[in-house]
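Chains L and F are the protein sequences, given in the same order. Residue 249 in this note's numbering is what sits at position 249 of the first sequence, and the numbering runs on without skipping anything. Adding 302 to a residue's 1-based position in the second sequence gives its number in this note's numbering. Using N, Cα and C, we set each Cβ at its ideal position, and we do this for glycine too. Here the structure comes first, spelled out in structure tokens, and everything after it is commentary.
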Amino acid sequence: MQQRRSLLSIPASLLFLLPAGVFVFIFIILPFFWIAAVSFTNRTLTGRTAVDPEYVGLANYLRLFDPDRFLRSGEFGASLVITGQFVFFSAIVGQVLLGLLLAWFFFNRKGWVRETVQTLAILAWIMPDVVVAFAWFAFLDRDAGTLNQILSTLGIGKPDWLINLPLVSVIIFNTWRGTAFSMLLFTSAFGSIPPSHLETAAVAGANTWQRLRDIILPLIRTHIITDLILITLWTFNTFTPFLLTGGGPAFQTELVSIFTYRTAFKFFRFGQGSAVGMIMMLINLVFAIFYLFLLRRQQVKL
Amino acid sequence: MRLVRYTLARIVFYVTASLFASFFTLPLLWLAFAPFNEKAALSVTVPDSPSLANFGQVFKNTFAVRALFQNSAIQALGAMLIVTLFATLAAYALSRANIRGKDLISYGLVLFSSVVTGTAAMVPIFLLIFRLGLINTHLGVILVFSGGLLPAAIFIMRDFVDSIPRSYEESALVAGASPWRIFMDIAVPIVRPGMMVVAVWAFVNVWGGFLIPFILLRSPEKMPAAVAIYSFYTEAGTPIITLTAAYSLLYTIPVLILYLFVNWRYGFRFFGGIKS
């Protein structure tokens, strides 16, 4: 693309950028460095260490990674393992795959069936957190909940979802909650595929599956990468399952976000909480850098 | 033979589509019926005689009503205004000025805002708001939401600004108009659809957000609906299901209206920007 004439001088454009820049600096860039600084102290909300926190070096981190307790229930390691399962099943298998499936299923179809299903998925995505949490609480209730009513009619039985299968419950919940984003993104991606590509494949005798694997998926590679990384990041950081299970029972659904909350805000141990937060952000950063790396490689290839 | 195959394909299509539809609908059925049932429990039952009594009870709870119509509204509208205005300004600059590495700036910002997010970011943000003396204020909540939403808003907005023709602005520039005049009189009217979308998106995000007000607010008079919904409890500590259901529905209605509006006006889908 040729360089176009500037419609806005640099000084004027800096003025235009200033208000948003101030916000971004204060609420995104500053917190990143602040949390790093606090994580090396024993800062609390009240008491002596609130006013005058002491430098404790790596103590907060060593405590988190203390091998004696790391994987014990309710500790950081256990929480990381739970989060790993949660992200793999609800983000990658759940949202991304289901979203892709939905987009593919309705590809090149119009009409009320498609509109209805898409609207329902979008509803699940845009409703307020607490409302969907209450709805799911009712849905999963052991005796009266809709899910068990259906399951017992089918003769499958009545598991107590939130007590006996809490992680499975939040995984299904999160899949339900977020699939719309992937569905919309892949729908838009499918729309960008030139019809001629598919026609050629059809003429060559490719079946539906071959067309998906050999034509469609390679063409929307960058969309898939974008979707995978965003969904992984969002799922890794989501706090909403807290509204359904509170992290329990017995820490079985304590995602790192909930672990951070419990450390930092339930007991107001900010030093310790910052160390957890710092590790979360570093993991996020690794995801983001990995993503940029993949995307760069894609662009070089194209 | 072809007819059989066609019919079979139709059946498979409808069965699969109904499975998808049920997956997304079943968890919400309760919310559709319980608010209108005076005796609602956790089961989905069609009320014998639908009534609005639950809503009447909700409106008697002044704390919950204020949370919804005052606190949630102030916080969502406040953040919406800041995000829309500042994102439009920034997106315009990033689109129209020849700033080195501007693509990297807008892209990097979105990515970095996904890194500094959620509960992890709440620790330093709490300390920051505490230091600024804004704990337990609407302003604190508005500012934190705005900061978090701005990078993505700028990204969405830039997509809109990039897509509008530059010729009007070029003629205005030749005619000697100031950058601010060009922005206000020419650019803003054209990118208004984009501003609407960003405004709705920001509003819905703040309206439904739980974590930020939950952590930054202390006194019940400031709580938005997301937190106040936990006030429908008996003295024994069990939730009053009828009222919670009615309140949930009231709280969801603005989101539904805004969705229908955006869907009708612009079509709810992704535009080009998301792809690269």
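### Query
Mind pulling the chain L residues with CB within less than 8 Å of F:E471?
Listed by position along chain L, the residues whose Cβ is nearer than 8 Å to that of F:E471 are L7.
#### Entry: Neighbourhood of L:R177 by C-beta, 8 Å cutoff - its chain only, sequence neighbours within 5 removed
Only A124, W125, V132 and T240 meet the Cβ criterion.
### Uninterrupted beta strand (DSSP E) stretches inside the segment 90-156 of chain L (no shorter than 3 residues)
The segment 90-156 of chain L contains no whole beta strand (DSSP E) run of 3 or more residues.
### Task
Please classify L:G99: is it buried, with 16 or more other beta-carbons within 10 angstroms of its beta-carbon, or exposed?
So L:G99 ends up on the buried side.
### Task
May I ask you to verify whether the segment 537-553 of chain F touches the segment 154-168 of chain L, counting CB pairs closer than 8 Å and requiring at least 3?
Three or more beta-carbon pairs separated by less than 8 Å are not found between the segment 537-553 of chain F and the segment 154-168 of chain L, which leaves the two stretches without contact.
### Query
What's the gap between the Cα of F:M312 and the Cα of F:M459?
What sits at residue 312 of chain F in the sequence shown is Arg, not Met. Whole-angstrom Cα-Cα distance: 41 Å.
#### Entry: Within 8 Å of chain F by C-beta, residues of the segment 205-233 of chain L in sequence order
If the cut-off is 8 Å between Cβ atoms, the segment 205-233 of chain L has T222, H223, T226, L230 and L233 near chain F.
### Message
Which runs of the alpha helix (DSSP H) at least 4 residues long sit entirely within the segment 223-293 of chain L? Give them in chain order.
### Response
Taking only runs of at least 4 residues, the alpha helix (DSSP H) segments lying wholly in the segment 223-293 of chain L are 241-245 and 256-261.
### Query
How would you list, in chain order, the residues of chain F whose beta-carbon sits under 7 Å from the beta-carbon of L:A103?
Near L:A103 there are no residues of chain F at all, since even the closest Cβ is about 11 Å away, more than 7 Å.
### Message
Here's the rule I'm using: 16 or more other beta-carbon atoms within 10 Å means buried, otherwise exposed. How should L:K301 be labelled?
### Response
In this predicted model, L:K301 has a pLDDT of only 48, less than 50, meaning its place in the structure is not dependable; the value taken from the coordinates is given anyway. With fewer than 16 Cβ atoms within 10 Å of its Cβ, L:K301 is classed as exposed.
### Query
What in chain L is Cβ-close to F:W509, meaning under 7 Å?
Neighbours of F:W509 on chain L, chain order: P128.
### Expected contact under 8 Å - CB spacing of F:I514 and F:V446 to nearest Å
That pair is a contact at about 5 Å.
#### Entry: Beta-bridge pairing of L:L8 - partner residues as DSSP gives them
Answer is F:A399, bridged to L:L8.
### Query
At a CB-CB cut-off below 8 Å, which residues of chain L make contact with F:R398?
Correct list: S6, L7, L8 and S13.
### Task
Determine the chain L residues that contact F:I531 at a beta-carbon separation under 7 Å, and present them in chain order.
Those are V130, listed as they occur along chain L.
### Query
Any idea if L:K110 is buried or exposed, counting beta-carbon neighbours within 10 angstroms, 16 or more meaning buried?
Counting Cβ neighbours within 10 Å, L:K110 comes out exposed, since fewer than 16 surround it.
### Contiguous alpha helix (DSSP H) assignments of at least 4 residues, all confined to the segment 473-544 of chain F
Listed in chain order, the complete alpha helix (DSSP H) runs (minimum 4 residues) inside the segment 473-544 of chain F are 490-510, 513-518 and 527-530.
#### Entry: Distance between F:V502 and F:V385 (C-alpha atoms, nearest Å)
Approximately 11 Å between the Cα atoms of the pair.
### Proximal residues of chain F, C-beta to C-beta of L:S274 below 8 Å
Under the 8 Å cutoff, chain F gives V425 and P426.
### Query
Using Cβ-Cβ distances below 8 Å, what residues of the segment 492-521 of chain F are close to chain L?
Taking 8 Å as the upper bound on Cβ-Cβ separation, chain L lies near residues V506, W509, G510, G511, F512, L513 and I517 of the segment 492-521 of chain F.
### Task
Determine the direct distance from the alpha carbon of L:L154 to that of F:V367, and round the result to whole angstroms.
Each residue's alpha carbon lies about 42 Å from the other.
### Query
Would a check of beta-carbon distances place F:V443 closer than 8 Å to chain L?
Interface annotation, F:V443: not in contact with chain L, CB-CB separation never under 8 Å.
#### Entry: Residues that DSSP places opposite L:T41 in a beta bridge
Per DSSP, L:Y55.
### Query
According to the neighbour-count rule (16 or more other Cβ atoms, all chains shown, within 10 Å of its Cβ), is F:V476 buried or exposed?
That one is exposed.
### Query
At least one CB of chain F closer than 8 Å to the CB of L:N237: is that the case?
Closer than 8 Å to some Cβ of chain F, the Cβ of L:N237 qualifies, so yes.
### Message
Any beta carbon from chain L within less than 8 Å of F:V348's own beta carbon?
### Response
False, the Cβ-Cβ gap to chain L never drops below 8 Å.
### Contact set for F:G575: own chain, Cβ-Cβ below 6 Å, skip 5 residues either direction
Bear in mind that a pLDDT of 44 at F:G575, under 50, signals an unreliable position, so the number given afterwards is only what the model happens to contain. Taken in chain order, the residues that qualify are D461.
#### Entry: Which listed residue (L:S13, L:L219 and L:F236) has its alpha carbon closest to that of F:K404
Per the Cα distances, L:S13.
### Query
Comparing the C-beta of L:N284 with each C-beta of chain F, is any distance below 8 Å?
Cβ-Cβ to chain F under 8 Å: yes for L:N284.
### Task
Indicate the three-state DSSP secondary structure (helix, strand or coil) for F:V417 in the structure shown.
Correct three-state label for F:V417: helix.
### Message
For L:D141, count the other beta carbons within 10 Å of its own beta carbon; 16 or more makes it buried, fewer makes it exposed. Which is it?
### Response
Classification of L:D141: buried, given that the 10 Å Cβ count is 16 or more.
### Query
Nearest-angstrom Cα distance between L:L243 and F:R304?
The alpha-carbon atoms of L:L243 and F:R304 are separated by roughly 52 Å.
### Query
Listing by chain order, which chain F residues have their CB less than 8 Å from the CB of L:T146?
Here the neighbours are L328, P329, L331, W332, S345 and V346.
### Helix, strand or coil at L:E199 [DSSP, three-state]
Under the three-state reduction of DSSP, L:E199 is assigned to helix.
### Message
Restricting to Cα atoms, I'd like to know which of L:M278, L:S188 and L:R296 is closest to L:Q64.
### Response
A quick correction: the sequence has Leu, not Gln, at residue 64 of chain L. That would be L:M278, whose Cα lies nearest to the Cα of L:L64.
### Message
Let's see if you can read the secondary structure: which residues bound the alpha helix (DSSP H) around L:N174?
### Response
Residue range P166 to G191 is occupied by the alpha helix (DSSP H) that includes L:N174.
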